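Numbering (the working numbering), first residue to last: 5 to 399. Let me begin by presenting the structure, written as structure tokens, before commenting on it.
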Ligand SMILES: *Cc1c(COP(=O)(O)O)cnc(C)c1O
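As structure tokens, this is what we get:
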């Protein structure tokens, strides 16, 4: 079949919830993707910040193949080997206490919300607890996660959503304080807002939120689904701020291609929230997904991914700053590590993305006017130079 035939078949049979770019990707190698016609693309999107290790990492593939041959699924009624190893590595990397594995980011958010509500319920027995979330945030598409996603366009057709959600402005501590009541059980935010347009939290904002949460015994939920797993140069973005959450959510690059997420609880939240019967999942934490997670942590160590991101990110930032200086259509650069956004003015971001694809570069958007760069974490300076060439041609 040709690329066009695959596209036609997809549109014929897959529910139209995405306006897809007209490319049929068929394989990947390192930081490059290839479409069905064999055309090569430099990938600065990584499947939306997922493929941290790049494509066709042989050690990763071998581990998964080995696990497929052994055992892929058991349910959570029994123990399995990769679950124990993956959980230990995630807990050690975060310094938090206990983990619950999910199949996606949005499910990790659902679990975090349930844990926070349970924590508060155990304290006072009330059933009207509130959560403060941020405007311009993104936490997922299931109803609970959508309820804390500060985007009215995403929410409106699906109301009523879950109750007791109040919104405040990201990086405005006073606006958060103004929403606190005696029923507030949690404050949820992305350490670096992703979908909303790549906005890192201000250190003072984050530490102010932490202090507020400590004073009022409110749980801080940090959504690290996009900014976590080495993307900003720390394993989790909050680790650079020195502000730890009570609950953290992760997904995207946690499995580097295998669908898996998790919510990770600090000691306080772990000891006073979910117990047997409160939460469950058939697939979550299955041997295949956990083998991926466990292998990802091993390879991050072996390849010194964090060190590589920290060393290479300043070069990426410098090249992007130079590019923005040369072109009036780029108004600003924002971001941290390998999570960068270029603010586009005077033309739709989608036009640049389409031209970039023509020129063999995969980039995506964030918000309405931001060009988002979330490459595999293994890109080199040469890849960055090549990206700049292909992007500049596309402006
Ligand atoms: C992608 C994302 C989610 C949702 O994850 P899914 O796996 O798509 O459900 C939640 N929060 C943030 C910050 C994300 O970037």
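No residue lacks a Cβ here, since even glycine has one placed at the ideal position from N, Cα and C. Computed from a predicted model, the values in this text were never measured in an experiment.
Any non-hydrogen atom of ligand 1 within 6 Å of residue i CB
| i | result |
| --- | --- |
| residue 230 | yes |
| residue 120 | no |
| residue 101 | no |
| residue 108 | yes |
| residue 255 | yes |
| residue 114 | no |
| residue 47 | no |
| residue 267 | no |
| residue 342 | no |
| residue 400 | Residue numbering for the chain in the displayed model covers 5 to 399; residue 400 lies beyond these limits and cannot be assessed. |
| residue 198 | yes |
| residue 39 | no |
| residue 227 | yes |
| residue 194 | yes |
Proximity of residue i and residue j at Cβ, strictly below 7 Å
| i | j | result |
| --- | --- | --- |
| residue 240 | residue 116 | no |
| residue 154 | residue 177 | no |
| residue 194 | residue 218 | no |
| residue 56 | residue 202 | no |
| residue 133 | residue 121 | yes |
| residue 223 | residue 123 | yes |
| residue 196 | residue 231 | yes |
| residue 49 | residue 374 | no |
Environment of residue i [buried if 16+ CB atoms lie within 10 Å]
| i | result |
| --- | --- |
| residue 62 | exposed |
| residue 129 | exposed |
| residue 45 | buried |
| residue 297 | buried |
| residue 372 | exposed |
| residue 163 | exposed |
| residue 387 | buried |
Where the beta strand (DSSP E) containing residue i begins and where it ends
| i | result |
| --- | --- |
| residue 39 | 36–39 |
| residue 102 | 102–106 |
| residue 45 | 44–47 |
| residue 347 | 343–348 |
| residue 337 | 334–340 |
| residue 138 | 134–138 |
| residue 374 | 374–377 |
| residue 170 | 169–172 |
Boundaries of the alpha helix (DSSP H) in which residue i is found, first to last residue
| i | result |
| --- | --- |
| residue 294 | 291–306 |
| residue 209 | 207–220 |
| residue 194 | Taken as a continuous stretch (DSSP letters only), residue 194 belongs to no alpha helix (DSSP H), being part of the beta strand (DSSP E) at 188–194. |
| residue 388 | 385–398 |
| residue 357 | 353–362 |
Beta-bridge pairing of residue i - partner residues as DSSP gives them
| i | result |
| --- | --- |
| residue 251 | 225 and 269 |
| residue 26 | Residue 26 pairs with nothing; no bridge assigned. |
| residue 204 | 196 |
Test: residue i CB closer than 7 Å to a CB of chain C
| i | result |
| --- | --- |
| residue 112 | Although the question refers to chain C, the structure presented lacks it and comprises just one protein chain. |
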